[in-house]
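Worksheet for the structure shown next.
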Amino acid sequence: MSAIRFFHMADLHLDSPFKGLFGLPEQNFKKIRTSTFEAFDKIIQKAIQEKPDFLLIVGDIYDGENRSLQAQRRFQEAMEKLFQHNIPVILSYGNHDHLNGAWTRFALPSNVYELPAETSVVQLNIRGQQVNIYGFSYSDRHITKSMIDSYPVAQDQHVIHIGMLHGSEAGDTSHAVYAPFTKDQLLEKNYHYWALGHIHKRQFLHQNPPIVYPGNIQSRHRKEQGIKGFYDVTLSQTSTDLEFVPTSAVVYNTVEVDCTNVFHANELLKKCEEALMLNRGEFGASVVELHLKNIDEQSQSLFEHATVDAWLETIREAEDGIEPMCWVQKLVLHQASILYEHTAATESVMNLMEEWNISEWKDILKELYQHAGGARLIEPLTEQDIKNLMHDAQELLAEEIQRA
């Protein structure tokens with residue numbers, strides 16, 4: 001039997017509002033605001049050019065249950081283009097765009113198979129090879145129960161079986177836990193490929209058969225760093241080939257600058273400019289956190305008479321108008337450890353702290369850990385926490401000595 005080829009994507013989040021970005025020039029904000037559409041357009045263009053057998057979209061096509069008119073119009077137009085090129089699309093809706101949301105509906109063309117709330121199968125015949133694709137759409141925003149038992153076990157091994165599931169691996173708390181499953185439960189279904197969605201980090205849970213999260217197609221905030229995209233999959237009953245295809249219109253990234261032996265402001269600005277230029281060359285349009293590393297006593301003087309906000313504004317001004325855009329969202333200073341000689345007083349304090357056991361530390365910190373508002377936000381005190389507190393106390397003592 002011949003191999004089939006499909007694109008596996010998830011978590012498009014079309015028309016994401018991109019909250020938390022402030023002070024951007026209008027053209028930069030527009031670039032970021034439309035980045036989900038630009039990333040999606042790249043997929044449609046590639047599909048039209050290369051004509052895979054079908055596309056799988058595994059949940060969260062839209063960012064919200066109201067499904068904005070603009071996002072629906074852009075999606076419907078894209079589906080019409082694929083219809084004109086006879087490319088089927090099998091899609092499910094996830095927790096963000098569940099079926100019970102309130103929105104003005106657009107009719108999708110006949111090449112689009114929208115999976116219902118009940119686990120169902122879509123059957124395709126591709127050059128004589130039957131393909132069964134199983135999945136469901138979220139009926140409501142919160143599906144916390146496992147849905148895996150509703151998927152049938154594959155019986156006919158002359159058929160290629162593919163599972164679509166927008167959900168979380170049991171025990172993974174990196175996202176809200178929806179439709180949880182275990183890897184063993186997926187493997188028990190005897191499918192040739194599991195197309196997952198919901199987790200925005202690209203990852204393989206299993207190699208053979210592949211159990212795959214493609215991640216989202218465009219980062220939406222600073223915690224979703226790196227290049228995003230989808231998988232171009234060639235699949236037969238005996239082999240699988242996956243190629244990751246980047247789609248990010250704007251890449252969120254962390255850029256580091258070494259401040260060792262930097263004494264003058266223009267030196268630091270030059271280093272920042274060079275680091276951002278390298279990032280621009282590698283990733284294109286970007287939103288970055290700029291981390292100034294190894295700030296020693298010499299480079300520390302640069303921040304004594306100018307605030308971090310003033311430095312951030314100066315760096316942004318230097319980048320203004322350079323294309324592709326590289327917006328510095330945040331500036332983070334990393335001060336090198338301060339070396340100092342203990343005085344008799346500091347030695348006494350440190351020796352006393354080293355003698356405290358965990359019960360004594362709990363007694364000392366009881367006002368914090370027993371506070372009704374604060375206690376819910378902090379984890380129980382551990383031995384490592386105590387070591388960290390002692391290290392922080394030592395640095396504070398060092399700073400007080402230098403000020404004295």
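Under UniProt numbering, the first residue of the sequence shown is numbered 1, with each subsequent residue one higher.
Glycine residues also receive a C-beta, built at the ideal position from the N, C-alpha and C atoms.
Values in this document were obtained by computation on a predicted structure and should not be read as measured data.
- Here the alpha carbons of L278 and L186 stand approximately 42 Å from one another.
- DSSP, read as helix, strand or coil, puts V245 in strand.
- Beyond the five residues adjoining it in sequence on each side, Q72 comes within less than 6 Å, by CB distance, of F106 in the same chain, given in chain order.
- For I44 against K81, the beta-carbon gap comes to about 6 Å, under 8 Å, which counts as contact.
- Cβ neighbours of L290 within its own chain (closer than 6 Å, five residues either side excluded): V255, V328, L331.
- The residue from H264, R5, A285 with its alpha-carbon nearest to that of R127 is R5.
- Just so you know, the alpha carbons of I211 and Y231 end up roughly 12 Å apart.
- For the 8 Å CB-CB criterion, H198 and E224 do not form a contact.
- Looking at the DSSP output, W356 bridges to nothing.
- The alpha carbon of Q49 has as its nearest neighbour, out of F7, C259, F303, H98, the alpha carbon of F7.
- Assignment of beta-bridge partners to K293 by DSSP yields D258.
- Following the DSSP letters along the chain, one finds A195 inside the beta strand (DSSP E) bounded by residues 193-197.
- Taking 8 Å as the cut-off, the beta carbon of E65 is found closer than this to the beta carbon of R141.
- In this structure, the CA atom of D53 is about 49 Å from the CA atom of D258.
- Put simply, of Q298, K362, L276 the residue whose alpha carbon is nearest the alpha carbon of E323 is L276.
- Under the three-pair Cβ rule at 8 Å, the segment 180-195 counts as touching the segment 160-170.
- For K271, the enclosing alpha helix (DSSP H) stretches over residues 265-283.
- Contact between the segment 129-138 and the segment 85-96 is present: 3 or more CB-CB pairs across the two stretches fall below 8 Å.
- A residue is called buried when at least 16 other Cβ atoms come within 10 angstroms of its Cβ; D149 does not meet this threshold and is exposed.
- By the beta-carbon neighbour count (other beta carbons within 10 angstroms, threshold 16), L69 is exposed.
- Sequence-distant partners of C326 (beyond 5 residues in either direction) whose C-beta falls short of 6 Å from its own C-beta, in its chain, are L276, R280, S286, E319.
- In chain order, N66, R67 place their CB closer than 6 Å to the CB of W103, counting only its own chain and leaving out the 5 sequence neighbours on each side.
- Around the beta carbon of F283, 16 or more other beta carbons sit within 10 angstroms, so the residue counts as buried.
- Nearest neighbour of E297 by Cα position, chosen from H264, K271, P246, L269, turns out to be H264.
- In chain order, V89, L108, P109, N111, V112 place their CB closer than 8 Å to the CB of M79, counting only its own chain and leaving out the 5 sequence neighbours on each side.
- If you look at K81, you'll find it in the alpha helix (DSSP H) that goes 69-84.
- Judged by DSSP secondary structure, R33 falls within the alpha helix (DSSP H) whose first and last residues are 26-33.
- The continuous stretches of beta strand (DSSP E) do not include R316, which lies in the alpha helix (DSSP H) extending over residues 308-319.
- Taken atom to atom, the span from the alpha-carbon of H334 to that of V288 is near 16 Å.
- For T238 and D309, the gap between their C-alpha atoms comes out near 57 Å.
- For D232, the uninterrupted beta strand (DSSP E) run begins and ends at 229-235, by DSSP.
- Boundaries cannot be given for Q155, as no alpha helix (DSSP H) includes it and DSSP labels it neither H nor E.
- Nearest in C-alpha terms to Q129, of all of V153, Q157, K271, is Q157.
- Pairing S35 with L352, the inter-Cα distance amounts to about 56 Å.
- The DSSP-derived three-state label of F22 is coil.
- Q185: not part of any beta strand (DSSP E); member of the alpha helix (DSSP H) spanning 183-187, first to last residue.
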